[in-house]
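**Q** If you count the sequence shown from 1, position 196 lands on 196 in my numbering, and the numbers rise without skipping.
Yeah, the Cβ is synthetic: ideal placement off N, Cα and C, and Gly gets one too.
A quick note: this is a predicted structure, and the numbers were derived from the prediction, not measured.
One structure follows; several queries about it will come next.
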Amino acid sequence: MGNRTPLAATLAANSISTAGTSLTLIGVPWFVLETTGSAGRAGVVAFCATLPIVVAALIGGPVIDRFGRRRTAIVSDAVCAAAIAAIPLLHFAGVLDFWMLCALMALNGFSHTPGNTARYVLVPDLAEHAGTTLPRAASLFDAVSRGARMVGAALAGILIAFVGAETVLLLDAATFGMSALLIAAGVRGVPAAEPRKAEAPVSLRAYGTELREGYAHVLGNRLLLAVVVMVMFMNGTDQGWNAVLLPVHAEGELSGAPAIGLLTALFGAGGLTGALLYGAVGYRFSRRAVFTVCVLLCGAPRFLVAAVTGTTLPLAVTMLLGGIAGGVLNPILTTVVYERVPDRLRSRVSGALTAGSEFAMPVGGLAAGLLVEGAGATGALLAMGGVYFLATLSPLVFPSWRTLDDVPGAEPVRKPVPQAEVPAPAPVSRSAPSRPTPGP
């Protein structure tokens, strides 16, 4: 029997952080719409919040290894707590300009990515430390994240209606602080969490070499590359949905913030159900067959339903069913990544995967805002839903997906088990996860 405390602390920290993500995901767009009344400005804020995520992922992998995964997670959460708390505090003081809001959201995105990545790449080592299997730990990691997202979304909708978006953002800042404390107190005695001895002296050349290793590994594995490309488009359209399209639709057709909270919570509840179902029985079936069906159902239908209906019930049912389908995806993708990436490269490869899969997110939020102002909410929903649908056809079209059921024998992270663990999945906000994680 191993020591389960580090794994439990990381799962708890991730669940609290993810619940806070839901508060931000709903609170910030609603705050922008309330204070500016502009879907375009909501898109600009989404762009400013997500572009630094991509930048941090592009360059951050070697930093995490040298600074230490535990330290990175703690410092990351502390900076994010300060950035998010500053938004309502400056607003209460009457000095919050629009550029300040954009800058603070950019700082939050840039700081959050390394910490999120650090927690994610620790899971295989924490599973071994706890004496449990990798697929079980990976499924737990995704399941608690989805459960927390469900709770956070429900609370966000209610709290915004009763106490305002500003107070919700203060609560979000508190979740970052709690996450940092849990990692600081609970993740001890795990060698993989500590700084790694540099293989070469610190220099730009050595840093560049380490960075290239991560990208070379992704580019050299056709399945990982196919995953990144598909999830990139999914995360981009999801960002448009979360940051602009759903708030605009809820404000114009539904009951406002409570409807956003309900719909997002239902998606989270479906995601939790899907993850648990996959862990219980789904792993017995072909990964590729299950993934292909679920990826087609998880995202595009909600854009269509929102475009053609103006009531909550049809969209609520669609979000719940889409969440169940989406909950199956992340366990599969996460285990595939763990199986195909050796521990030595895990932080660097995870950074490369995050950068690639979230590359379109800044454009997604900005494009959604511009589409709403230029073509109306219905036109924007149909356009972005079409992009989502085309992206999810990838497993049916590209041959590299045929290897999804293969378990590599050359470099497994742990002894392979005939099952798989986002969606990201990114998937992903705190717009997106630090791995390819589809879904809002």
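Closest to VAL341 by C-alpha separation, out of GLY356, ALA289 and VAL218, would be which residue?
**A** By one-based count along the sequence shown, residue 341 stands at place 341. Nearest of GLY356, ALA289 and VAL218 to VAL341, Cα basis: VAL218.
**Q** How about ALA377: is its C-beta nearer than 8 Å to some C-beta of chain C?
**A** No chain C is present in this structure, which holds just one protein chain.
**Q** Answer with buried or exposed for SER139, where buried requires no fewer than 16 other C-beta atoms within 10 angstroms of its C-beta.
**A** As a working note, residue 139 is residue 139 in the sequence shown. Using a 10 angstroms sphere on the CB of SER139, the tally of other CB atoms reaches 16 or more, which defines it as buried.
**Q** Look at the Cβ atom of GLY27, then the Cβ atom of ILE160, and state whether they are nearer than 8 Å.
**A** In the sequence shown, the residue the question calls residue 27 occupies position 27. In the sequence shown, the residue the question calls residue 160 occupies position 160. Closer than 8 Å, so yes.
**Q** Enumerate in chain order the residues of its own chain whose CB-to-CB distance from ASP405 is below 8 Å, with the five nearest sequence positions on each side excluded.
**A** Walking along the sequence shown from the start, residue 405 turns up at place 405. Counting only Cβ-Cβ distances below 8 Å, and skipping sequence neighbours, we find SER286, ARG287 and ARG288.
**Q** Measure the C-alpha to C-alpha separation of THR403 and LEU211 and round it to an integer number of angstroms.
**A** The count along the sequence shown starts at 1 and reaches residue 403 at position 403. The count along the sequence shown starts at 1 and reaches residue 211 at position 211. Between THR403 and LEU211, the C-alpha separation is close to 26 Å.
**Q** Hey, PRO29 and GLY109 are a contact pair by Cβ (cut 8 Å); roughly how many whole angstroms apart?
**A** Within the sequence shown, residue 29 is the residue found at index 29, counting from 1. Within the sequence shown, residue 109 is the residue found at index 109, counting from 1. Going by Cβ atoms, the distance from PRO29 to GLY109 rounds to 14 Å, so no, they are not a contact pair.
**Q** Let me make sure I understand the geometry here. Which of ASN330, GLY271, GLY270 and GLY236 has the alpha-carbon closest to that of PHE359?
**A** Within the sequence shown, numbered from 1, the residue matching residue 359 stands at position 359. Of the candidates ASN330, GLY271, GLY270 and GLY236, the one whose C-alpha sits nearest the C-alpha of PHE359 is GLY236.
**Q** How far does the alpha helix (DSSP H) with LEU272 in it reach, from first residue to last?
**A** Counting from 1 along the sequence shown, the entry for residue 272 is found at position 272. 257 to 280 is the extent of the alpha helix (DSSP H) around LEU272.
**Q** Can you tell me which of PRO258, GLY271, ALA243 and PHE398 puts its alpha carbon nearest to the alpha carbon of ALA39?
**A** Here the question's residue 39 lines up with position 39 in the sequence shown. Minimum Cα distance to ALA39 is reached at ALA243.
**Q** Taking the alpha helix (DSSP H) that TRP99 falls in, what are its first and last residues?
**A** On the sequence shown, position 99 is the one that residue 99 refers to. Note, TRP99: alpha helix (DSSP H), 98 to 130.
**Q** For ALA42, does the three-state DSSP call read helix, strand or coil?
**A** Your numbering for residue 42 matches position 42 in the sequence shown. Here ALA42 sits in helix by DSSP.
**Q** Considering just the uninterrupted stretch of the alpha helix (DSSP H) at THR18, what are its terminal residues?
**A** Within the sequence shown, the letter at position 18 stands for residue 18. Unbroken alpha helix (DSSP H) run through THR18: 5 to 36.
**Q** For GLY214 and GLY220, what's the separation of their Cα atoms in angstroms?
**A** Mapped onto the sequence shown, residue 214 falls at position 214. Mapped onto the sequence shown, residue 220 falls at position 220. C-alpha separation (whole angstroms): 10 Å.
**Q** Within the continuous alpha helix (DSSP H) that includes GLU339, where are the two ends?
**A** Sequence index remark: in the sequence shown, residue 339 carries index 339 (1-based). Where GLU339 is concerned, the enclosing alpha helix (DSSP H) stretches over 312 to 340.
**Q** Please specify which runs of the alpha helix (DSSP H), each continuous and at least 4 residues long, are wholly inside the region 213 to 251, giving them in chain order.
**A** 222 to 240
**Q** Within 10 Å of its beta-carbon, does LEU366 have 16 or more other beta-carbons around it, so buried, or fewer, so exposed?
**A** Here residue 366 is taken as the residue at index 366 of the sequence shown, counted from 1. Counting Cβ neighbours within 10 Å, LEU366 comes out buried, since at least 16 surround it.
**Q** If you run the structure through DSSP and keep just helix, strand and coil, what is PRO195?
**A** Taking the first residue of the sequence shown as 1, we reach residue 195 at position 195. Reduced to three states, the DSSP call for PRO195 is coil.
**Q** Could you tell me the alpha carbon to alpha carbon distance between THR21 and PRO114, rounded to whole angstroms?
**A** Residue mapping note: residue 21 aligns to position 21 of the sequence shown, counting from 1. Residue mapping note: residue 114 aligns to position 114 of the sequence shown, counting from 1. The straight-line gap separating the alpha-carbon atoms of THR21 and PRO114 is approximately 15 Å.
**Q** Count the other C-beta atoms from every protein chain shown that fall within 10 angstroms of the C-beta of SER434, then say buried if there are 16 or more, exposed otherwise.
**A** Taking the sequence shown and counting its residues from 1, one reaches residue 434 at position 434. At SER434, the pLDDT of 38 sits below 50, so the modelled position is not reliable; the number obtained from the coordinates is stated separately. So SER434 counts as buried.
**Q** Might you give, ordered along the chain, the residues of its own chain that have their beta carbon closer than 6 Å to the beta carbon of THR318, omitting 5 neighbours on each side?
**A** Here residue 318 refers to the residue found at position 318 of the sequence shown. So the qualifying residues of the chain are PRO301, ARG302 and VAL305.
**Q** Look up THR167 in the DSSP assignment and say whether it is helix, strand or coil.
**A** Mapped onto the sequence shown, residue 167 falls at position 167. Of the three classes helix, strand and coil, the one that applies to THR167 here is helix, per DSSP.
**Q** Using a Cβ-Cβ cutoff of less than 7 Å, which residues in the same chain neighbour PRO412 once the five nearest sequence positions on both sides are dropped?
**A** Here residue 412 is taken as the residue at index 412 of the sequence shown, counted from 1. Note that PRO412 scores a pLDDT of 40, beneath 50, so its modelled location is shaky; the value from the coordinates is reported in the next line. Contacts found: GLU339.
**Q** Below 8 Å on the Cβ atoms is my guess for ILE87 versus LEU96; work out the distance and round it to an integer in Å.
**A** What you label residue 87 is simply residue 87 of the sequence shown in a count that begins at 1. What you label residue 96 is simply residue 96 of the sequence shown in a count that begins at 1. That belief holds up - the Cβ atoms of ILE87 and LEU96 are roughly 7 Å apart, short of 8 Å.
**Q** If you reduce the DSSP assignment to three classes, tell me which class GLY356 lands in.
**A** Working through the sequence shown from its first residue, we reach residue 356 at position 356. In this structure, GLY356 counts as helix in the three-state DSSP scheme.
**Q** Measuring only the C-alpha atoms, how far is GLY177 from GLY356?
**A** The residue you call residue 177 lines up with position 177 of the sequence shown. The residue you call residue 356 lines up with position 356 of the sequence shown. In a straight line, the C-alpha of GLY177 is about 28 Å away from that of GLY356.
**Q** Looking at GLY441: is its Cβ nearer than 8 Å to the Cβ of LEU297?
**A** In the structure as shown, the chain starts at 1 and stops at 440, and residue 441 therefore has no counterpart that could be examined.
**Q** At a cut of 8 Å, does the region 184 to 196 reach the region 7 to 19 through at least three beta carbon pairs?
**A** Touching, yes, given that three or more Cβ pairs across the two stretches are closer than 8 Å.
**Q** Along the alpha helix (DSSP H) that carries ALA93, what are the first and last residues, could you check?
**A** By 1-based counting over the sequence shown, the position of residue 93 is 93. Segment: none, ALA93 is in no alpha helix (DSSP H) and carries neither H nor E.
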